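Comments concern the structure below.
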Amino acid sequence: MNAPLIGLAGAARSGKDAAAQALLDLGWSRRAFADKVKEVLYAMNPTLPEPEYRDGITNLRYEVDMYGWDTTKELYPQVREYLQRLGTEGVRDVLGENAWVDGLFRDADTWGPTVITDVRFPNEAEAIRERGGLVVLIRRPGQAPAHGSKHSSENALAGYLFDDVIENDGSLAQLHDRVMQLIPLAM
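Each residue of the sequence shown is one higher than the last, beginning at 3 in our numbering.
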């Protein structure tokens, strides 16, 4: 029998990580398809324009080490674009759509209960379902794709039939309560 597995989809800043925290507090593990994309981009260490400091440039590693990925993506919107282009055009389109799926699930037989916080493509959702997992949309009213993005990674699941939809339209406690209702369905 597979360990419980839940994949979360939704627009950037819809509350996927906040929703996952309810499960992490119970001892679940967090994984993401983008973790490996971030590792590759971090290793590449691209320069970033920084007009106010250091002769006008900085680099990704410095910013991530100082501020973390989320803040770096907010301060430098091109970082989100780099991640999208590397993950999609650089790997999915060149090596195959399952490159990140295969990388993530390589050791899945050793996992305990797991939440995947960044389901963006139908093949990722289907890989979760094939392993007995649920795919849940976190929807936050008024939250559209990041910076009006038309990138395929922000829109590929439009019209997808999810196993459940959680409306993130209340308090954090309400969001966590809604997530907790998924646990019996994932068993």
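All C-beta atoms in this analysis are idealised placements derived from N, C-alpha and C, irrespective of residue type, glycine included.
In this text the structure is predicted, and so the values were computed from the model without any measurement.
Alpha-carbon spacing of residue i relative to residue j, whole angstroms
i, j, result
"arginine 33", "proline 51", "30 angstroms"
"arginine 94", "proline 48", "20 angstroms"
"leucine 85", "tryptophan 102", "13 angstroms"
"alanine 110", "isoleucine 130", "11 angstroms"
"proline 115", "glutamate 91", "31 angstroms"
"alanine 22", "aspartate 37", "15 angstroms"
"leucine 10", "valine 121", "6 angstroms"
"arginine 180", "asparagine 4", "23 angstroms"
"glutamate 99", "lysine 40", "17 angstroms"
"glutamine 183", "glycine 58", "49 angstroms"
"isoleucine 118", "lysine 18", "9 angstroms"
"alanine 45", "glycine 144", "35 angstroms"
"proline 79", "serine 16", "17 angstroms"
"glutamate 128", "alanine 175", "29 angstroms"
"lysine 75", "tyrosine 69", "10 angstroms"
"glutamate 83", "phenylalanine 35", "16 angstroms"
"aspartate 2", "aspartate 171", "With the chain covering 3 to 189 only, the question about residue 2 has no answer from this structure."
"arginine 87", "tryptophan 30", "30 angstroms"
Pair within 9 angstroms by beta-carbon distance, residue i and residue j
i, j, result
"arginine 142", "glutamate 169", "yes"
"alanine 14", "glutamate 156", "yes"
"phenylalanine 123", "alanine 160", "no"
"valine 96", "leucine 43", "no"
"leucine 26", "isoleucine 185", "no"
"isoleucine 8", "valine 137", "yes"
"leucine 139", "glycine 12", "yes"
Residue range of the beta strand (DSSP E) that includes residue i
i, result
"asparagine 47", "Looking at the DSSP string, asparagine 47 is not in any beta strand (DSSP E), and its letter there is neither H nor E."
"aspartate 166", "166 to 169"
"alanine 11", "7 to 11"
"asparagine 61", "59 to 61"
Buried or exposed (CB count within 10 angstroms, at least 16 for buried), residue i
i, result
"arginine 108", "exposed"
"threonine 73", "exposed"
"proline 6", "buried"
"valine 177", "According to the sequence provided, residue 177 is leucine. The question's valine does not apply to it. Classification for leucine 177: buried."
"threonine 112", "exposed"
"alanine 2", "The question about residue 2 has no answer, for the chain in this structure spans 3 to 189."
"serine 198", "Past the boundaries of the shown model lies residue 198; the chain is included only from 3 to 189, so the question cannot be answered."
"glutamate 65", "buried"
"alanine 188", "buried"
"glycine 89", "buried"
"glycine 135", "buried"
"leucine 62", "buried"
Span of the alpha helix (DSSP H) around residue i
i, result
"arginine 32", "It is not in any alpha helix (DSSP H) - arginine 32 instead sits in the beta strand (DSSP E) that spans 31 to 33."
"leucine 184", "Where leucine 184 is concerned, there is no enclosing alpha helix (DSSP H), given that its DSSP letter is neither H nor E."
"leucine 25", "18 to 26"
Query - 3-residue-minimum beta strand (DSSP E) runs that sit fully inside the segment 77 to 161, ordered along the chain - result: The segment 77 to 161 contains these whole beta strand (DSSP E) runs: 116 to 121, 136 to 141.
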